[in-house]
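Asker: Got a structure for you, questions after.
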Amino acid sequence: MANTETTERVSDLSGEKYKYGFVTDIEMDRAPKGLSEDTVRFISAKKTEPEWMLEWRLEAYQRWLEMREPKWARVHYPPIDYQNSSYYAAPKSQGERPKNLEDIDPKLLETYKKLGIPLSEQMMLAGVAVDAVFDSVSVATTFKQKLTEAGVIFCPISEAIREHPELVRKYLGSVVPTTDNFFATLNSAVFSDGSFVYVPKGVRCPMELSTYFRINASETGQFERTLIIADEDSYVSYLEGCTAPKRDENQLHAAVVELIALDGAEIKYSTVQNWYPGDEEGKGGIFNFVTKRGDCRGKNSKISWTQVETGSAITWKYPSCILRGDNSVGEFYSIAIANNYQQADTGTKMIHLGRNTRSRIVSKGISAGHAENTYRGLVSVHPRAEGARNHTQCDSLLIGGECGAHTVPYIESRCPSASVEHEATTSKISDEQLFYCLSRGIPQDEAVSLIVNGFCREVLQQLPMEFAVEAQKLVGISLEGSVG
Amino acid sequence: MTVEALPRVDPKTALFRKDFAANAADLPGAGLGWLDARRGAALEAFALSGMPTRRIEAWKYTDLAVALENDLEPATPFRAEDAAAIADSAVFAGAMQIVLVNGYLHSIGGAGLTDAIDVVDLAQLSVRTPDWVEKHLGARAAGSDQILGAASLALMRGGIAVRVRAGSVDLPPLQISVVNPARGHGVMSHTRVLLVIEDGASLDLIETHAGEGEAKGLANLGMEIVLGENAVLNHTRLQDEAGGTLHVASIGAFLSRDSRYHVLLGNFGGRLSRVDMNVRLAEIGAEAHIRSIAVLDGERHADVTTVMDHASPHTVSRQLFKSVVGGRSRSVSQGRVTVHKGAVRSDSHQMYKALLLGPRAEADAKPELEIYADDVVCGHGTAIGALDDTALFYLRARGIPMEEARAMLVRAFLEEVIDGFAEGDLRDALWRRIDTALASAQGGAA
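Going line by line, the protein sequences match chains A and B. Take the position in the first sequence, starting the count at 1, then add 28; the result is the number in this note's numbering. Take the position in the second sequence, starting the count at 1, then add 597; the result is the number in this note's numbering.
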């Protein structure tokens, strides 16, 4: 069925440690290196944006100039030279927009074949619509018609700015304001593209929405901006998966994702992040500084984040929920795997503002090699949030004596009728379990993969089918060679 | 060094720096090379960060700079009219008592000291000061990780050094009573206590803090604890300062091979209290247990922040914190457990629980794990909430009035901390203090 393709692709994956380490030569239409007001104007002009959007960007840029890079996360990296990077790159063939698949640059299609997601087959994959972002410009949007019939708007955000300005103006920056933090502000100034989803009242989105992000051009930062709005009583499930070609130069990625759930709406956002983590000596790899936040603005709304973070040299990511509406629900399920010299500082924030709001956090961190893995999370209950409930569980697994696993939870309660619970454990892979597997002829790597998959099961179960299969394999691949 | 980290001289930081600049030559032990060097380093550590504000991560929930008055004067030693305040500080049965007034050694009373114990008055440091004091004083609780501890060393006016000689066991309990009598205006005291328990010795320590008067002052204590091999210390702290006082205690403990440190932190009084406790499980087999009780009524702020360093293999730590928060009070529980590289078979657990009694109460918790070794068992848990309605209903259905039922459940909640730690007189004293605080905290909540 639909999953054969995924399974095949995954079996390809296990053959080598990082298959996605190739570079496609496509002529790029890129901004000159450096960041200035001109760069912002250049990007805005490239996107043929209206005046208000340019002003919005410029305001963010001015603000960014006054901000300092945050240093509180437990990650260490060489200083980033923001002037030594190009802020816009688009495949040249975008000049004339392709009418259908045949019109698309064959080299692009070739890249997707290497990735194992040829669009032609992808279209059939379990009714998943793909809005593929190749570097910064969306090249093809499939299943658009079916979505249009349901009234769902699913398009590149640059298109939404032109065609649905009333929606974009109303919601863009309303969850992550341009003043939010250093990386989000930078993104606001220079974001190149991303996805826009609007699900109208009472509509259950007829398919899973999915985007494959991919960093391709050398030394090009990716600044994605995603905005998802679920109107009253609607439902949408969004999948995001990432791979990137092998590079020696560190690449900067600063994305912003904003989710808005109105009364009774539900958004499920799943991510598999498998960007190039750097080689075994810690050279290269993606710097991933992401601001993801969901706003349960309406009563009885729900936002659920699921993430599998296996890639990137540096991960700085805290998908959060603002539980504003009464009875709203926030969930965060996370697996973060750090191997070799990877550093991950990730977690969530659950801000309880409304009555009877509920949140659940399940975080599984795995460290191996020389990696550092930190869970950092905030649960905050405001005095108004009567009857709020939170349960947090964060477990860390250590493989090898050179890695670090850290847990930094912040728990703040100002409401006596709220109940906040947190538990955390840290341990290593049990020798007994490993011995049990080995003595039954299961090779060491497979045994580790098996045990770790068991450790992560609660989170893997939350992933949509297509991702779950892939993610399980990914868990094994990411930890290859980490024991023994 | 970034620009932000450069010393900012705000009025509160200046308060301490001015005191040092004006009085450096008159501070006890001034001119002793070893002490001058340690004082200088401590002052530098303090000056570099300045008076703690919320911008410093370890002080995220407690803004000392805002709470501190900026017209405090150094506290003065015993005066005749202080006698009443001292008489109020009861002696536990059979205990040897050492009384400090505003940080100055005042008297030794109770059962008197046994030969196994040496006491040195830190206000009288000189070239004749014994080596063991020189070796340890200012080695702990005086660095940039305990900023106020550093200030307490730099500005030390008095205090005591206590040594329990090797192999001394079955001693009567030692009670250190710190009394801060009223001075009519806001004063600040900077006191040091050094406690050395030599190899194989064992001691029960009861440390009480009491004060009088309504003036807003600062009682700043730096305490160093050194446990030799196989040494045992059972330490009970009863903090019951006067209502206007800011009580800051920086405790640094060093645990040698197979030593045991058990401590119960009782926080009841003061406008704001901060216990900053660093425990270093330095050698194999060392074990530390920290228990904390805070019962807060009115408008109090009680912060217990611990750093537990598992620096050697086979070390054990346990932490159990319980707070009952009423009125407009706020309880803060922070703790970092660090398992250093190579400290395999470390075993650590933290549990923080808080009961909020009223709509204005707040509890914040930050239990942190920082782990650099793989063969470890570490965990922590936190729960913040209100009394269980079902349990209340159960009791009321059996004819127990609401107030009584609530008190019963709160006591049950706290019992776990006291059980198995304090006995006899001490246990009764703890419960008496808890009951008084509870009556007031619950009254305020209703």
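Virtual Cβ for every residue (Gly too), placed ideally from N, Cα, C.
If the criterion is Cβ atoms closer than 7 angstroms, does the pair residue 348/A and residue 376/A meet it?
Answerer: Going by C-beta atoms, residue 348/A is nearer than 7 angstroms to residue 376/A.
Asker: Whose C-beta lies closer than 6 angstroms to the C-beta of residue 89/A among residues of the same chain, with five residues either side of it excluded?
Answerer: Around residue 89/A: 68 and 217.
Asker: How big is the Cα-Cα spacing for residue 226/A and residue 869/B?
Answerer: Each residue's Cα considered, the two are about 50 angstroms apart.
Asker: With the cut-off set at 7 angstroms, would you say residue 921/B and residue 892/B are in Cβ contact?
Answerer: Yes, the pair counts as a contact, with Cβ atoms nearer than the cut-off.
Asker: Classify residue 305/A as buried or exposed, calling it buried when 16 or more other Cβ atoms lie within 10 Å of its own Cβ.
Answerer: Classification of residue 305/A: buried, given that the 10 Å Cβ count is 16 or more.
Asker: Is any beta-carbon of chain A found at less than 7 angstroms from that of residue 950/B?
Answerer: No, no contact with chain A.
Asker: Give me the Cα-Cα distance between residue 504/A and residue 468/A, rounded to the nearest whole angstrom.
Answerer: So the two alpha carbons sit approximately 19 angstroms from each other.
Asker: Using CA atoms only, rank isn't needed, just tell me which of 83/A, 258/A, 286/A and 261/A is closest to residue 204/A.
Answerer: Considering only alpha carbons, the answer is 286/A.
Asker: Could you tell me which whole beta strand (DSSP E) segments of length 3 or greater appear in the stretch 953-1036 of chain B?
Answerer: The stretch 953-1036 of chain B contains these whole beta strand (DSSP E) runs: 959-968 and 974-982.
Asker: Along the stretch 963-982 of chain B, where does the CB come closer than 8 angstroms to a CB of chain A? Name the residues.
Answerer: Those would be 963, 964, 965, 966, 967, 968, 969, 970, 971, 972, 973, 974, 975, 976, 977, 978, 979, 980, 981 and 982, in chain order.
Asker: The beta strand (DSSP E) that contains residue 728/B, what's its start and end?
Answerer: Here residue 728/B belongs to no beta strand (DSSP E); instead the alpha helix (DSSP H) covers 728-733.
Asker: Assign residue 411/A to one of three DSSP states: helix, strand, or coil.
Answerer: Of the three classes helix, strand and coil, the one that applies to residue 411/A here is coil, per DSSP.
Asker: Return helix, strand or coil for residue 457/A, following the three-state DSSP convention.
Answerer: Residue 457/A: coil per DSSP, three-state reduction.
Asker: Alpha carbon to alpha carbon, how far is residue 106/A from residue 973/B? Give it in angstroms, no decimals.
Answerer: Cα-Cα distance, rounded: 31 angstroms.
Asker: Taking Cβ to Cβ, would you say residue 506/A is nearer than 7 angstroms to residue 402/A?
Answerer: Going by C-beta atoms, residue 506/A is not nearer than 7 angstroms to residue 402/A.
Asker: Counting Cβ pairs, one atom from each stretch, are 3 or more of them under 8 angstroms apart for the stretch 257-265 of chain A and the stretch 227-234 of chain A?
Answerer: As far as the Cβ criterion goes, the stretch 257-265 of chain A touches the stretch 227-234 of chain A, which means the pair count is three or higher.
Asker: Comparing alpha-carbon positions, which option in 791/B, 783/B, 1006/B and 967/B lies nearest residue 673/B?
Answerer: The shortest C-alpha separation from residue 673/B is found at 783/B.
Asker: Mind checking which residues open and close the alpha helix (DSSP H) that includes residue 93/A?
Answerer: Here the alpha helix (DSSP H) through residue 93/A covers 79-93.
Asker: Spatial neighbours of residue 889/B within its chain, please: CB distance less than 6 angstroms, with the 5 preceding and 5 following residues excluded, ordered by chain position.
Answerer: Within the same chain, residue 889/B has close Cβ partners 862, 901 and 918.
Asker: Which residue's Cα is closest to the Cα of residue 950/B: 703/B, 968/B, 1009/B and 697/B?
Answerer: Comparing Cα-Cα distances from residue 950/B to each of 703/B, 968/B, 1009/B and 697/B, the minimum goes to 1009/B.
Asker: Decide if the stretch 696-710 of chain B is in contact with the stretch 770-782 of chain B; the criterion is three or more beta carbon pairs, one per stretch, under 8 angstroms apart.
Answerer: Touching, yes, given that three or more Cβ pairs across the two stretches are closer than 8 angstroms.
Asker: Please specify which runs of the beta strand (DSSP E), each continuous and at least 3 residues long, are wholly inside the stretch 276-306 of chain A, giving them in chain order.
Answerer: Within the stretch 276-306 of chain A, the complete beta strand (DSSP E) runs of at least 3 residues are 279-281, 284-289 and 294-302.
Asker: Evaluate residue 463/A with the Cβ neighbour count: other Cβ atoms within 10 Å of its Cβ, from every protein chain shown; 16 or more gives buried, anything less gives exposed.
Answerer: The residue is exposed, with fewer than 16 neighbouring Cβ atoms inside 10 Å.
Asker: Below 8 angstroms, can you find three or more Cβ-Cβ pairs linking the stretch 982-990 of chain B to the stretch 451-459 of chain A?
Answerer: With the cut-off at 8 angstroms, the stretch 982-990 of chain B and the stretch 451-459 of chain A do not touch.
Asker: Answer with buried or exposed for residue 168/A, where buried requires no fewer than 16 other C-beta atoms within 10 angstroms of its C-beta.
Answerer: Confidence at residue 168/A is low in this model, with a pLDDT of 46, below 50, so the placement of that residue is unreliable and no value is reported for it.
Asker: Please work out which residues of its chain come closer than 7 angstroms, Cβ to Cβ, to residue 992/B, disregarding the five sequence neighbours upstream and downstream, and give them in chain order.
Answerer: Hits under 7 angstroms: 1002 and 1005.
Asker: Rounding to the nearest angstrom, what Cα-Cα distance links residue 811/B and residue 325/A in this structure?
Answerer: The alpha-carbon atoms of residue 811/B and residue 325/A are separated by roughly 47 angstroms.
Asker: Curious, which full-length alpha helix (DSSP H) runs of at least 4 residues does the stretch 638-720 of chain B contain?
Answerer: Listed in chain order, they are 661-664 and 680-685.
Asker: Expressed to the nearest angstrom, what Euclidean distance is found between the alpha-carbon atoms of residue 610/B and residue 282/A?
Answerer: Between residue 610/B and residue 282/A, the C-alpha separation is close to 39 angstroms.
Asker: Which residues in chain A sit within 7 angstroms of residue 960/B, going by Cβ to Cβ distance?
Answerer: Within 7 angstroms Cβ-Cβ: 441.
Asker: With a threshold of 8 angstroms, are at least 3 pairs of Cβ atoms found where one atom belongs to the stretch 488-502 of chain A and the other to the stretch 411-425 of chain A?
Answerer: Segments in contact, no.
Asker: Under 8 angstroms: do the stretch 442-454 of chain A and the stretch 476-483 of chain A share three or more Cβ pairs, one atom per stretch?
Answerer: Short answer: they don't touch.
Asker: Could you check whether the Cβ of residue 1035/B sits closer than 7 angstroms to any Cβ belonging to chain A?
Answerer: It does not; no Cβ of chain A falls within 7 angstroms.
Asker: Can you check whether the C-beta of residue 953/B is within less than 7 angstroms of a C-beta belonging to chain A?
Answerer: For residue 953/B, the answer is yes, since a Cβ of chain A falls inside 7 angstroms of its Cβ.
Asker: Can you find a CB in chain B that lies within less than 7 angstroms of the CB of residue 436/A?
Answerer: So yes, residue 436/A belongs to the interface.
Asker: Flag this pair as yes or no: are the beta carbons of residue 979/B and residue 943/B separated by less than 7 angstroms?
Answerer: Cβ atoms of residue 979/B and residue 943/B: not closer than 7 angstroms.
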